[in-house]
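Visitor:
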Amino acid sequence: MTTTAALIVAAGRGLRAGGGVPKQWRDLCGQSVLARTVAAFSAHPVIDQIVLVLHQDDLHLWTDTSITVVTGGETRQASVVAGLDAVTAERVLIHDAARPLVSCAVIDRVCKALDAFAGAAPALPVTDALWRGDEMVTGIQDRDGLFRAQTPQGFHTSVIRAAHASHALPAADDVSVARAAGLDVAIVAGDEDNLKITHASDFARAERLLGMRMDIRLGNGYDVHRFGPGDHVMLCGVKVPHGRGLQGHSDADVGMHAVTDAIYGALAQGDIGVHFPPSDPQWKGAKSHIFLRHAVTLATDMGYAISNVDCTLVCEYPKVGPHQPAMRAAMASIMGLAADRVSVKATTSERLGFTGREEGIAALATATLVKT
Ligand code: MG
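Per this note's numbering, the sequence shown runs over residues 393 to 764.
1. Give the straight-line distance between the Cα atoms of Thr395 and Cys503, rounded to the nearest whole angstrom.
2. What is the DSSP secondary structure of Leu684, reduced to helix, strand or coil?
3. If I measure Cβ to Cβ from Ala474 and keep anything under 8 Å in the same chain, skipping five residues before and after, which residues do I get?
4. Between which two residues does the beta strand (DSSP E) harbouring His548 extend?
5. How would you call Lys415, buried or exposed, if buried means at least 16 neighbouring beta carbons within 10 angstroms?
6. Between Ser550 and chain B, is any beta-carbon pair separated by less than 8 Å?
7. Taking all protein chains shown into account, decide if Trp523 is buried (16 or more other Cβ within 10 angstroms of its Cβ) or exposed.
8. Closest to Thr692 by CA distance: which of Gly728, Asp500 and His559 is it?
9. Do you know offhand how far Leu476's Cα is from Ala563's?
10. Regarding Asp663 and ligand 1, is the C-beta to nearest heavy atom distance less than 7 Å?
11. Please state the DSSP three-state secondary structure of Lys504.
12. Counting only the same chain and skipping the five closest in sequence on each side, list residues whose C-beta sits under 6 Å from that of Val734.
13. How would the residue list near ligand 2 read, in chain order, if you kept each one whose beta-carbon is closer than 5 Å to any heavy atom?
14. Please return the same chain residues whose Cβ sits closer than 6 Å to the Cβ of Asp663, not counting the five positions on each side in sequence.
15. In three-state terms, what does DSSP make of Ile552?
16. Quick one: what's Pro514 bridged to in DSSP?
17. Comparing alpha-carbon positions, which option in Ala489, Pro710, Gly695 and Ile608 lies nearest Asp471?
18. Is it a yes or a no for the region 587–598 touching the region 674–693, going by three-plus beta-carbon pairs under 8 Å?
19. Could you tell me which uninterrupted alpha helix (DSSP H) segments, each at least 4 residues in length, are contained entirely in the region 446–512, listed from first to last along the chain?
20. Taking only three categories from DSSP, how would you classify Val734?
21. Taking the straight line between their C-alpha atoms, what separation do you get for Arg483 and Ala512?
22. Cutting at 7 Å between CB atoms, please list the residues of its own chain near Met694, excluding the five before and the five after it.
23. Rounded to the nearest angstrom, what separates Met648 and Ala755 at their Cα positions?
24. Under a Cβ-count criterion, where at least 16 other Cβ atoms within 10 Å of its own Cβ denotes burial, should Ala435 be classed as buried or exposed?
25. Kindly indicate which three-state DSSP category Asp653 falls into: helix, strand or coil?
26. DSSP three-state label for Phe668, please.
27. Give the straight-line distance between the Cα atoms of Ala581 and Pro514, rounded to the nearest whole angstrom.
28. Compute the distance between the beta-carbons of Met768 and Ala644, then report whether it is under 8 Å.
29. Ignore the nearest five residues each way along the sequence and tell me which others in Ser558's own chain have a CB closer than 7 Å to its CB.
30. Here's a check: name, in chain order, each residue in its chain whose Cβ is nearer than 6 Å to the Cβ of Arg405, leaving out the five neighbours to either side.
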């Protein structure tokens with residue numbers, strides 16, 4: 393099998409997009425531009441290796457040790473050369489870090505064209521009329537045969553490495569380096585969404601495009617535990633003194649169970665009973681944070697971030713209000729969320745029903761998960 397690397401060039405200092413940091417480090421819907429760009433390639437089955445070229449001053453900002461990080465040079469071309477030195481795959485796709493919305497289809501088209509050509513790159517035909525001018529139109533430029541170039545620009549690694557080695561002058565991109573070395577470069581269909589983030593308006597457009605793609609999931613959870621002998625209850629991770637305890641196979645934290653089931657529900661992955669069967673003695677008396685932590689890890693593994701959870705406890709006593717801040721903090725800590733994304737509230741049931749008769753406590757919860 394042919395091996396393919398993605399070489400992501402992220403050593404630029406471009407500040408034109410605003411925000412005070414180079415654009416590749418700016419947040420784009422909850423992840424840095426660069427993290428999204430890397431994820432686009434790491435998710436593609438054809439990519440065997442990712443080489444990331446960073447500016448000397450930014451090396452500490454990248455913490456994922458699973459990909460190769462190289463220090464860039466003075467120019468983009470020097471950075472590409474440094475990155476090519478670290479490529480071990482037979483083919484390389486050289487990509488701008490500022491194009492985080494590159495699709496699998498574009499990557500596929502470049503790879504397929506490399507079966508027949510030394511180089512291939514995506515581009516879009518120019519469809520707008522082209523004018524020359526300053527404040528006034530001074531001429532018309534024929535747009536026939538003109539393309540807007542995109543990345544990734546793909547090459548057989550050995551030939552682009554040799555082309556860069558023999559190319560002394562600054563180059564607009566890697567296709568121009570390849571052409572100067574006499575290589576054939578095929579044009580494959582680009583994608584309007586594969587935009588290069590340069591200005592603040594590009595961020596706004598990228599956010600709109602991501603917003604349309606965003607996968608948002610809701611889940612609900614409901615749990616009840618019966619009162620029995622005891623001197624406290626565990627509610628949302630907090631030990632609350634009470635004249636009775638809650639009965640259950642685990643520590644009977646009814647609120648945390650409802651939240652955990654809401655997360656499993658959003659993922660369509662069953663409930664606590666599926667993952668931690670009551671018939672299994674190892675979960676007897678288990679701390680409920682084990683269940684919640686498992687649900688959060690499952691969400692992360694499936695590519696979801698928890699946006700918020702909301703839990704309602706239904707009981708006459710104990711009074712929940714004084715413990716709410718501690719409950720929110722405890723659950724936020726277990727889930728790795730900010731406390732302002734975790735709500736705990738309580739209601740009585742007006743002395744009606746089993747909760748009204750103080751036979752037990754019920755809890756309802758909702759969780760919102762967003763694909764990252
Ligand atoms: Mg339960």
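Virtual Cβ for every residue (Gly too), placed ideally from N, Cα, C.
Guide: This is what the structure holds:
1. 11 Å
2. helix
3. Val445, Val462, Thr463, Gly464 and Gly465
4. Gln545 to His548
5. buried
6. Looking for chain B here will not work: only one protein chain is present.
7. exposed
8. Gly728
9. 16 Å
10. no
11. helix
12. Val701, Arg720, Met723 and Ala724
13. No copy of ligand 2 occurs in the structure displayed; its ligands are ligand 1 alone.
14. Asp653 and Tyr656
15. helix
16. Val580
17. As written in the sequence, residue 471 is Ser, which differs from the Asp given in the question. The shortest Cα separation from Ser471 among Ala489, Pro710, Gly695 and Ile608 belongs to Ala489.
18. no
19. 468–478 and 496–505
20. strand
21. 11 Å
22. Leu659
23. 9 Å
24. exposed
25. helix
26. coil
27. 5 Å
28. Outside the displayed span of the chain (393 to 764) sits residue 768, for which this structure offers no information.
29. Ala573
30. Pro414
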